[in-house]
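The structure under discussion appears below in the form of structure tokens.
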Amino acid sequence: MANAIAYISRDTDGLHWKRILSDAFGPIDFRTLDSLGDTAAIEIALAWKPPRGLLASFRNLKLIVSLGMGVDHLLADDQLPEGVPIVRIMDDGLVGQMSEYAIYWALRHHRDIDKYAESQRKKEWKPLDFVDTLHRRVGVMGLGTIGQDTAKKFAMLGFPTAGWSRTARTLDGIETFHGADGLQKFLARSDILVAVLPLTRNTRGLLDAKAFAALPRGAYFINMARGPLVEDDALLAALASGQLSGAALDVFNQEPLPADHPYWTHPKVHVTPHIAGATNPRTASPGIIENIKRLRSGRELINRVDPRTGY
Ligand code: GLV
1368 MANAIAYISR
1378 DTDGLHWKRI
1388 LSDAFGPIDF
1398 RTLDSLGDTA
1408 AIEIALAWKP
1418 PRGLLASFRN
1428 LKLIVSLGMG
1438 VDHLLADDQL
1448 PEGVPIVRIM
1458 DDGLVGQMSE
1468 YAIYWALRHH
1478 RDIDKYAESQ
1488 RKKEWKPLDF
1498 VDTLHRRVGV
1508 MGLGTIGQDT
1518 AKKFAMLGFP
1528 TAGWSRTART
1538 LDGIETFHGA
1548 DGLQKFLARS
1558 DILVAVLPLT
1568 RNTRGLLDAK
1578 AFAALPRGAY
1588 FINMARGPLV
1598 EDDALLAALA
1608 SGQLSGAALD
1618 VFNQEPLPAD
1628 HPYWTHPKVH
1638 VTPHIAGATN
1648 PRTASPGIIE
1658 NIKRLRSGRE
1668 LINRVDPRTG
1678 Y
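So the sequence shown is numbered by our numbering: it starts at 1368 and just counts up by one.
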């Protein structure tokens, strides 16, 4: 009987997952990329950026669990086994980290912290004019679980906050826009733009020259979603022209960000290495355990991914 659980990722050794799953299920047959053994025994794969075609070679695979909330890393595999359900983690810990990330950079920009750091270096006591929070409009692009949490927290801080999503959504206290028609209007009112969209064929390259031009002059951009949402040349041009006053980027078209990439040394860009929301086994595991129980007792799975929409 296939009942092994395989951890398919090079990010960590996966032993914390082994511990969490053994606590829940007793001794388990746990495999990693370096100890796959007879793959016919693998029932469940916990995956982050699996090598192309690998999951298709597990012939008794019953469930694929995405270890990221984003699933583009899985759907990039054009040989995914058909008919094997995909679920993704829902991780409150990760969600909270993501909103912290956006709020941190937004406040740092909003309160001119980098300018004051520069003044401190020059020993200059120089209070600057400030922008009233009520006049700093935040736009959150993507209103899934993370986008909603982020938007609500910005609204709680008093920022006029709007959200944009592919299909219409309503959210208390948040102005919402949707679809191609709503995009320009949404961008035109976003002094701080936070990208938290999934990467799908509809969102790839969505943040192009036209999108940056639609923002108010001097807008600030935070990308904590996926690098390929952005056309880098367009972003660099918008920074150079002053259309954008700065950007905080956690994700990139190529990761790790190549050493010669202009973002590394750009005076208006902050770079972090895809850490805005790290999967936290403590908060991600209850949903995974629940899904394994559901799978094994033939019940409906939760947090299912629809490969057609890409999330
Ligand atoms: C991280 O990038 C994730 O998708 O969870």
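The beta-carbon is built from N, C-alpha and C at its ideal position, and this holds for glycine as well.
Find the nearest neighbour of residue i within the set the options, judged by alpha-carbon distance.
i: H1641; options: H1545, L1624 and I1656; result: L1624
i: E1657; options: Q1551, Y1630, F1392 and Y1374; result: F1392
i: L1474; options: D1445, A1604 and V1498; result: V1498
i: G1609; options: S1664, A1586 and P1595; result: A1586
i: A1408; options: L1422, A1555, P1418 and S1532; result: L1422
i: L1501; options: S1557, P1653 and D1401; result: S1557
i: I1431; options: D1673, R1666, V1451 and A1469; result: V1451
i: A1369; options: N1427, W1384 and R1386; result: N1427
i: L1596; options: L1564, A1604, A1580 and L1582; result: L1564
i: R1571; options: M1523, L1403 and T1676; result: T1676
i: P1674; options: G1546, V1438 and A1555; result: V1438
i: I1669; options: A1535, I1453, H1383 and L1566; result: I1453
i: I1395; options: K1385, S1486, L1403 and G1404; result: K1385
Going by the CB atoms, is the gap between residue j and residue i shorter than 9 Å?
i: I1411; j: K1429; result: yes
i: T1399; j: D1380; result: yes
i: N1590; j: D1627; result: no
i: V1462; j: D1378; result: no
i: A1469; j: A1643; result: yes
i: L1550; j: A1518; result: no
i: A1562; j: M1508; result: yes
i: V1636; j: G1665; result: no
Have a look at the DSSP bridge pairing and note the partners of residue i.
i: H1637; result: A1615
i: H1545; result: S1532
i: A1373; result: R1398 and A1412
i: N1590; result: A1562 and L1616
i: G1506; result: A1529 and L1560
i: S1433; result: A1414 and R1455
i: V1597; result: L1574
i: R1671; result: V1454
Please check the pair residue i and residue j, which I expect to be a contact at CB under 8 Å, by giving their CB distance rounded to whole angstroms.
i: D1458; j: N1647; result: 6 Å
i: F1397; j: I1372; result: 6 Å
i: R1649; j: G1511; result: That belief does not hold up - the Cβ atoms of R1649 and G1511 are roughly 21 Å apart, past 8 Å.
i: A1414; j: L1447; result: With 8 Å as the limit, A1414 and L1447 do not qualify as a contact, their Cβ atoms being about 10 Å apart.
i: R1533; j: N1569; result: 7 Å
Which same chain residues end up closer than 7 Å to residue i when comparing Cβ atoms and leaving out the 5 residues on each side of it in sequence?
i: K1482; result: L1495
i: F1553; result: G1506, A1529, W1531 and F1544
i: G1514; result: V1507, G1530 and V1563
Which residues in the same chain as residue i place their Cβ atom closer than 6 Å to its Cβ, once the five residues preceding and following it in sequence are excluded?
i: A1576; result: A1601
i: V1505; result: F1521, F1526, T1528 and I1559
i: A1651; result: I1456 and D1458
i: F1425; result: T1406 and I1409
i: L1573; result: L1596
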